[in-house]
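Numbering (this note's numbering), first residue to last: 306 to 420.
1) Using 10 angstroms around the beta-carbon of residue 402, count the other beta-carbons present and answer buried if the total reaches 16, otherwise exposed.
2) Residue 381 to residue 347, Cα distance in whole Å?
3) Cβ atoms of residue 352 and residue 447: under 8 Å apart, would you say?
4) Three Cβ pairs or more, each shorter than 8 Å: is that satisfied between the segment 403-419 and the segment 319-327?
5) Would you list the residues sitting across from residue 317 in a DSSP beta bridge?
6) Note down the Cα distance separating residue 362 from residue 394, rounded to an integer number of angstroms.
7) At a Cβ threshold of 8 Å, is residue 351 touching chain C?
Below is the structure:
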């Protein structure tokens, strides 16, 4: 079983930056994909970005050029550096790990972009 804990959310002005972190613990197979998803009020959860254990990344079109996903395999951490934030980026951001044992979600962290 895998536990995921997100941190780093908060309130930021449009154009600002935030860095989200996700710490994974438990039984983690070396081959896995970690990712960030978000869910805004009244909307479905959507993929923001993900990264494989070998470092291959994938981004939603809406965040390309503004967000950067990275990971530290030794620490079982995944990060999301968010820049040029827009009000439409406001959502609860969730960390997800997909591996041989199945998948796990974190509890989410709120990101609010507002002046």
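Here a beta-carbon is modelled for each residue, glycine too, at the ideal position from N, C-alpha and C.
In short:
1) Position 97 of the chain shown, counted from the first residue, corresponds to residue 402. Answer is buried; the Cβ neighbour count reaches 16.
2) For the purposes of this step, residue 381 is taken as the residue at position 76 of the chain shown. For the purposes of this step, residue 347 is taken as the residue at position 42 of the chain shown. Computed Cα separation, rounded: 32 Å.
3) The structure shown does not extend to residue 447, since the chain is modelled only from 306 to 420, so the question has no answer here.
4) yes
5) For this step, residue 317 is matched to residue 12 along the chain shown. For residue 317, which the question treats as bridged, DSSP gives the partners 418.
6) Here residue 362 refers to the residue found at position 57 when the chain shown is read from its first residue. Here residue 394 refers to the residue found at position 89 when the chain shown is read from its first residue. Those two C-alpha atoms are separated by around 20 Å.
7) Note that chain C does not occur in the displayed structure, where there is just one protein chain.
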